[in-house]
Structure formats: structure tokens, C-alpha cells
DNA sequence: CCCCAAATCAGTAATGATTACTATTTTATT
DNA sequence: AATAAAATAGTAATCATTACTGATTTGGGG
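Protein chains in written order, with my numbering: chain X, 2 to 125; chain H, 2 to 125.
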């Protein structure tokens with residue numbers, strides 16, 4: 002049996018059933034629908050544990066909030082300076098990873114954030 | 002005449018004469034050597050202005066601190082999980098930028114952070 | 001089924017990087 | 001020199017995140 006608490010399962014479920022990149026407090030709100038008594042500290046603690054174990058990704062786009070991503074496949078993030086949205090884009094990390102190794106650096110994770118204006122904001 | 006204050010000039014000089022990626026409070030310490038009475042708020046305000054105007058880069062590696070970079074040429078950052086150092090690596094952004102545009106996204110800045118273990122930490 | 005120890009929790013308090021505020025000083029122009 | 005606008009030093013406030021504490025849950029024997 003997995004050594005997961007109900008709380009941790011619920012957090013993981015929330016993250017795996019969205020393609021948004023919610024913050025801790027947004028995740029807190031979403032998990033409250035199935036576990037009304039969960040505490041914010043529990044959300045933070047489990048997000049930290051899941052991130053450390055590699056089951057989820059932590060993402061920092063410089064807006065003052067830590068964002069989380071249940072999709073750990075290799076992809077880049079497009080962050081809109083206007084509306085703040087974060088969208089995914091496939092990205093092969095091999096090229097960058099091999100270049101990195103020439104520096105004696107052993108890579109484990111790649112975080113690629115492109116800043117700009119998203120499609121919707123461009124049209125409005 | 003540039004509408005730069007002495008304080009802003011000093012901050013820019015500090016950033017352009019190092020290849021480290023200092024935090025605001027480290028920059029504060031460094032600038033104090035030439036301007037002992039500068040205040041931390043002034044450092045933050047000018048870093049924010051310089052970053053907005055594109056003269057410097059703001060960099061977030063997820064260690065809880067905002068880092069700043071006086072080198073605005075296209076390059077990736079290698080962040081060591083062991084010692085916390087940040088080193089530069091040349092990176093052509095064209096490939097990623099052109100892919101991004103297929104999403105209707107207008108890119109202006111690319112932030113690429115590779116996490117792992119640096120050369121020195123690998124040897125110790 | 002019951003006990004126990006380890007893990008996790010809910011709730012709250014503390015932390016600390018960053019931002020906001022205010023009275024003063026500097027700067028640019030006339 | 002006078003004036004108005006901009007920037008500053010110093011301090012107070014903000015708020016996302018982390019730490020803490022006593023209670024609850026969990027799993028493994030006996």
C-alpha cells in the first residue's frame with residue numbers, strides 16, 4: 002500500500018486533472034472540495050514532498066507565487082505578461098542537457114520559461 | 002544627460018562587473034562600498050526599474066531569492082542543488098522562439114534554468 | 001481486537017524577502 | 001536663488017511560505 006495519506010492523494014489528483022499551473026493556495030481551494038477540513042500547511046508540506054520526490058514539478062515564473070505542475074514530461078512554459086496565464090509547449094531537453102554536460106554539470110531538471118504576450122491577449 | 006541617479010549608476014556598475022548572479026541584499030552590500038548611506042529600498046526600487054526597462058535581467062531559480070544579471074545576452078543558467086551556485090552557458094534562443102510563435106505567442110525574454118550538480122560539487 | 005510507535009494532520013504563530021509609505025534631499029530648469 | 005518634480009533614506013507594513021504543537025491517523029505485531 003502506498004504510504005500516501007488521503008490528503009496527499011487528493012493534492013496529486015487535483016494536479017493531474019488540470020493543465021493549469023496552480024499556486025499552493027489555489028490548490029488548497031480545489032482540494033477543499035473533497036476534503037473540507039484540510040489545512041493550508043498540509044498542502045504546502047505535501048507539495049514540497051511531492052516536488053522533492055519528483056512526482057510533480059515546481060515552477061517559478063517570477064510573479065511572486067510558486068506554481069505547481071502535475072505533468073513532469075519535458076516541456077517549456079509560456080508565461081503571458083499581460084494576463085499571467087501559463088501554457089505548455091513541448092520541448093526536447095536533450096540538446097540542452099548534452100551541452101550542459103560539457104560544463105561538468107550533471108543535470109536533472111530543466112525549467113524553461115518564455116515571457117511575452119499570449120495569443121488571446123494579442124488579439125485584444 | 003542620463004536621468005540616472007548616482008545610486009542607479011552604482012547598482013548597474015556592480016551588476017556589470019560580476020559574472021555572479023547576486024540577490025538584492027548582496028547587491029546592497031556591494032553598493033555600500035561606494036555609497037555607504039544607500040538604503041535597501043533604493044536598491045530594490047532601482048533593480049525593479051532596471052529590470053522593467055530591460056537593462057538587467059531578473060532570475061528566479063526557486064531558492065526563495067530573486068537574482069539579478071547584468072548580462073542580457075542570450076544564455077541559460079545552471080543552478081547547482083548542492084552549493085547553490087549559478088553559472089552561465091551560451092544558448093541560442095532562436096529555436097525556442099520560433100517554436101513559440103506557432104502558438105500565437107509573442108516572446109520577449111527567455112529564461113532557461115538547468116538544475117543539477119555543478120562540476121566542483123561533483124568532484125567533492 | 002487492542003496496543004504502540006511513527007507518521008501525518010489541523011490550526012496557529014513566526015519568518016523574512018519584498019513592497020509601501022513619508023518626510024527629506026537632490027536634481028533640473030528658469 | 002526659487003521652484004517643482006524626482007529620487008532618496010529610513011521605517012513600517014505586507015503576505016507567501018515555513019515552523020511549531022498538541023491531537024489524530026496509520027500500520028504492524030501480538
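By construction, the Cβ of each residue, glycine as well, lies at the ideal position given by its N, Cα and C atoms. Quick caveat, the model's predicted, so the values are computed rather than measured.
Item	Value
For a test of the three-state rule: what should DSSP assign to residue 36 of chain X, helix, strand or coil?	coil
Cβ closer than 9 Å: which chain H residues qualify as neighbours of residue 45 of chain X?	Near residue 45 of chain X there are no residues of chain H at all, since even the closest Cβ is about 13 Å away, more than 9 Å.
Using the beta-carbon count (16 or more within 10 Å), is residue 9 of chain H buried or exposed?	buried
Do the region 106-119 of chain H and the region 69-85 of chain H touch if we need at least three Cβ pairs shorter than 8 Å?	yes
Tell me the residue span of the alpha helix (DSSP H) that contains residue 45 of chain H.	41-53
Checking the sheet assignment: what are the DSSP bridge partners for residue 83 of chain H?	Bridge partners of residue 83 of chain H: none, in fact.
Note down, in chain order, every chain H residue with its Cβ under 7 Å from the Cβ of residue 77 of chain X.	97
So which residues on chain X does residue 111 of chain H lean against when the C-beta distance must stay under 7 Å?	115
From the DSSP output, in three-state form, read off residue 118 of chain X for me.	strand
Quick one: which residues of the region 53-65 of chain H get their C-beta closer than 8 Å to a C-beta of chain X? List them in chain order.	59, 61, 62 and 63
Between residue 112 of chain X and residue 97 of chain H, what straight-line distance do the alpha-carbon atoms span, to the nearest angstrom?	13 Å
With DSSP as the reference, identify every bridge partner of residue 67 of chain X, one or two as the case may be.	X:61
Hey, is residue 107 of chain H's beta-carbon within less than 8 Å of any beta-carbon in chain X?	yes
Is residue 17 of chain H near residue 36 of chain H, with beta carbons less than 8 Å apart?	no
Between which two residues does the alpha helix (DSSP H) containing residue 98 of chain X stretch?	95-102
Kindly list, in the order they appear in chain X, the residues whose Cβ is closer than 7 Å to that of residue 100 of chain H.	90
Within the 8 Å Cβ cut-off, does residue 118 of chain H reach chain X?	yes
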